[in-house]
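134 is the number of the first residue of the sequence shown in the numbering used here; add one for each residue after it. The beta carbon of each residue, even a glycine, is placed where N, CA and C say it ideally should be. Quick caveat: nothing in here was measured; it's all calculated off a predicted structure.
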Amino acid sequence: MFPEERRKAILQIMNKEGRCRVASLADKLAVSEVTIRMDLDVLEKQGLLRRTHGGAIQNPKTGFERAYQEEEASFHEEKKRIGWHAAELVSDGDMVILDVGTTVMEVARHLVRHKNITVLTNALNVAAFLENYREISVIVTGGRLRATQHSLVNPYANLILDKLYADVAFIGASGIDAHYGGTNVNIPEAEMKIGFINAS
134 MFPEERRKAI
144 LQIMNKEGRC
154 RVASLADKLA
164 VSEVTIRMDL
174 DVLEKQGLLR
184 RTHGGAIQNP
194 KTGFERAYQE
204 EEASFHEEKK
214 RIGWHAAELV
224 SDGDMVILDV
234 GTTVMEVARH
244 LVRHKNITVL
254 TNALNVAAFL
264 ENYREISVIV
274 TGGRLRATQH
284 SLVNPYANLI
294 LDKLYADVAF
304 IGASGIDAHY
314 GGTNVNIPEA
324 EMKIGFINAS
C-alpha cells in the first residue's frame with residue numbers, strides 16, 4: 134500500500150471512530166507503529182487530525198469547509214459507485230462540465246471509457262488526471278486558485294462560460310436541502326456552480 138492510500142485509510146477510520154490508536158492502526162494496515170506515527174505526523178501537518186499520546190483524534194473544525202483530502206476519505210466507495218453511474222449519462226462526443234469535488238473526481242475517473250468528449254473544468258486535479266487520455270479534450274476555466282480544493286474561481290474563471298454550452302454538467306455540493314437544493318459553504322465556488330448550471 135502506498136503512503137497516500139494508507140493515509141486515506143487512516144482518515145476513513147478517523148471519520149468512523151473519531152479517534153485512533155497507533156497500535157490498532159498498525160495492526161489494521163499491516164505496517165509498523167513507526168510508519169503509523171510518521172503518517173499521523175504528516176496528516177497533522179496537513180491539519181487533518183490532532184496527535185495525542187498513543188494516537189490521534191479528529192481535528193476540531195475551525196470552519197465549515199473540510200480539506201479536499203479529508204473529504205476524499207469520506208464515503209469513498211459510495212463516491213466511486215456514483216462516479217460509475219454518472220459517467221453512464223455521458224455519450225461519446227458530448228461536452229461535459231466537471232466541477233470541483235471528490236465525487237466529481239470519481240466521475241472523471243469513469244469518463245475515460247468514452248471517446249471524443251470535451252471536458253470543461255475548474256478543478257486542477259481533474260484536468261491533470263484527464264490529460265493522459267487522448268480521447269478526452271480538456272478545457273480549464275482559468276481564474277484564481279483555491280489550493281485547499283484544487284479549484285479555480287473568479288475573477289476570470291467564469292469568462293469562458295458564456296461561450297460554451299455543455300450537454301451535461303456534474304456539480305459538487307456541500308449538501309442537499311429539500312427546500313434550497315444544492316448548497317455550498319464557499320461563495321466563490323458557489324458562483325462557479327451557478328455559472329456551470331447556466332452553461333449546461
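Residue closest to residue i, alpha-carbon to alpha-carbon, out of the options
{"i": "Arg165", "options": "Arg183, Arg139 and Glu264", "result": "Correcting the residue type first, residue 165 is Ser in the shown sequence and not Arg. That would be Arg139, whose Cα lies nearest to the Cα of Ser165."}
{"i": "Gly275", "options": "Arg267, Thr281 and Val286", "result": "Val286"}
{"i": "Ala260", "options": "Asp232, Arg246 and Tyr313", "result": "Asp232"}
{"i": "Ser307", "options": "Phe135, Trp217, Val175 and Glu204", "result": "Glu204"}
{"i": "Arg227", "options": "Leu244, Ile215 and Val237", "result": "One point to set straight first is that residue 227 is Asp, not Arg, in the sequence displayed. It is Leu244."}
For residue i, the three-state DSSP class (helix, strand or coil)
{"i": "Lys310", "result": "It is worth fixing the name first, because residue 310 is Asp in this sequence and not Lys. Strand, per DSSP."}
{"i": "Asn331", "result": "helix"}
{"i": "Ala302", "result": "strand"}
{"i": "Thr316", "result": "strand"}
{"i": "Ile293", "result": "coil"}
Residue span of the beta strand (DSSP E) that contains residue i, given as start and end
{"i": "Gln191", "result": "Gly188 to Gln191"}
{"i": "Val252", "result": "Ile250 to Thr254"}
Spatial distance of residue i from residue j (CA atoms)
{"i": "Ile143", "j": "Ala156", "result": "12 angstroms"}
{"i": "His186", "j": "Leu162", "result": "20 angstroms"}
{"i": "Ser224", "j": "Asn249", "result": "9 angstroms"}
{"i": "Asp300", "j": "Ile269", "result": "15 angstroms"}
{"i": "Arg246", "j": "Trp217", "result": "10 angstroms"}
{"i": "Asn317", "j": "Ala323", "result": "6 angstroms"}
{"i": "Arg242", "j": "Thr235", "result": "11 angstroms"}
{"i": "Val237", "j": "Ile230", "result": "10 angstroms"}
{"i": "Pro321", "j": "Tyr313", "result": "18 angstroms"}
{"i": "Ile330", "j": "Arg279", "result": "20 angstroms"}
{"i": "Thr281", "j": "Asp160", "result": "31 angstroms"}
{"i": "Met325", "j": "Lys213", "result": "24 angstroms"}
{"i": "Met134", "j": "Glu211", "result": "21 angstroms"}
8 angstroms CB neighbourhood of residue i in its chain, flanking five on each side removed
{"i": "Ile272", "result": "Thr251, Val252, Leu253, Thr254, Ile293 and Leu297"}
Boundaries of the alpha helix (DSSP H) in which residue i is found, first to last residue
{"i": "Arg139", "result": "Pro136 to Glu150"}
{"i": "Phe262", "result": "Leu257 to Leu263"}
{"i": "Ala220", "result": "His209 to Ala220"}
{"i": "Ser157", "result": "Val155 to Leu162"}
{"i": "Val175", "result": "Glu166 to Lys178"}
Contacts around residue i, its chain only, beta-carbon distance under 7 angstroms, and the 5 residues preceding and following it disregarded
{"i": "Ala219", "result": "Val240 and Phe303"}
{"i": "Gly328", "result": "Asn291 and Leu294"}
{"i": "Ala206", "result": "Lys141, Leu144, Gln145 and Asn148"}
{"i": "His283", "result": "Tyr201, Val233, Ala256, Leu257 and Asn258"}
{"i": "Asn387", "result": "This structure cannot settle anything about residue 387, because the visible part of the chain is limited to 134 through 333."}
Close-in-space but distant-in-sequence residues of the same chain around residue i (CB under 6 angstroms, 5 per side omitted)
{"i": "Arg184", "result": "Leu173 and Glu177"}
{"i": "Cys153", "result": "Ile146, Met147, Gly188 and Ala189"}
{"i": "Tyr289", "result": "Gly275 and Gly276"}
{"i": "Asp310", "result": "Thr316"}
{"i": "Val175", "result": "none"}
{"i": "Phe262", "result": "Ala241"}
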